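Visitor: If you scroll down you'll find the structure; I have some questions about it.
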Ligand code: MG
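In the working numbering, the protein residues as written are -12 to 197.
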């Protein structure tokens, strides 16, 4: 499926990525679930892109989470996974695929570390500010567990990974400018552990608080 407005290509798979798909050493990843609670709401879709305009979508059936090809990318120490709000997706991937996703880069954390002049750190805002691209958020509340997904759902899902490399590039420039690269890296390194804490019951507790 091609999309002229956003100049992207969507490749759709069921259950896992195909064998021998090489997406390079830095990939954008996003997940769609039945809701916001990783314990309750199952993983339905994983989107992944090398940043080349091609978005690979993997759809999961309930109870069928055997995806060795996807897992080898998510767990590879040589492949950085870019997310927007990695905490939630990393917890979900751990809960359903049993994989600890690392190393990660989170565009939301990077934004919070450098765009301290605003409270708006969602993907739509970053796409507008850095890339002058308007994302529709119409499919945010949609049934990702449906037996077959429609074109609007597939496009919406793909857009969540299409621009993450470019947004990372812009945020990296700001992290250098504001001298917060090391702090950002420390946050990204801790992030998988933060997701494990969420799943283990410390989800609404700040363990650093007094
Ligand atoms: Mg998404």
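In this text, a Cβ means the ideal position worked out from N, Cα and C, and glycines have one as well. None of the values given here were measured: they were computed from a predicted structure.
Per DSSP, what kind of secondary structure is residue 75 in: helix, strand or coil?
Guide: helix
Visitor: Confirm the yes/no value for this check: CB of residue 19, any heavy atom of the ligand MG, distance under 7 Å.
Guide: yes
Visitor: Residue range of the alpha helix (DSSP H) that residue 60 falls in?
Guide: 55 to 62
Visitor: How far does the beta strand (DSSP E) with residue 15 in it extend, from its first residue to its last?
Guide: 13 to 20
Visitor: Looking at the ligand MG, does it come within less than 7 Å of residue 230, judged from the CB to the closest heavy atom?
Guide: There is no way to answer for residue 230, as the model of the chain reaches only from -12 to 197.
Visitor: Do you know how far the Cα of residue 159 is from the Cα of residue 249?
Guide: Here the chain has residues from -12 to 197 only, and residue 249 is not among them.
Visitor: For residue 8 versus residue 79, is the C-beta spacing smaller than 8 Å?
Guide: no
Visitor: Sort 5, 109 and 162 by Cα distance to residue 45 and report the nearest one.
Guide: Among 5, 109 and 162, the Cα nearest to that of residue 45 belongs to 5.
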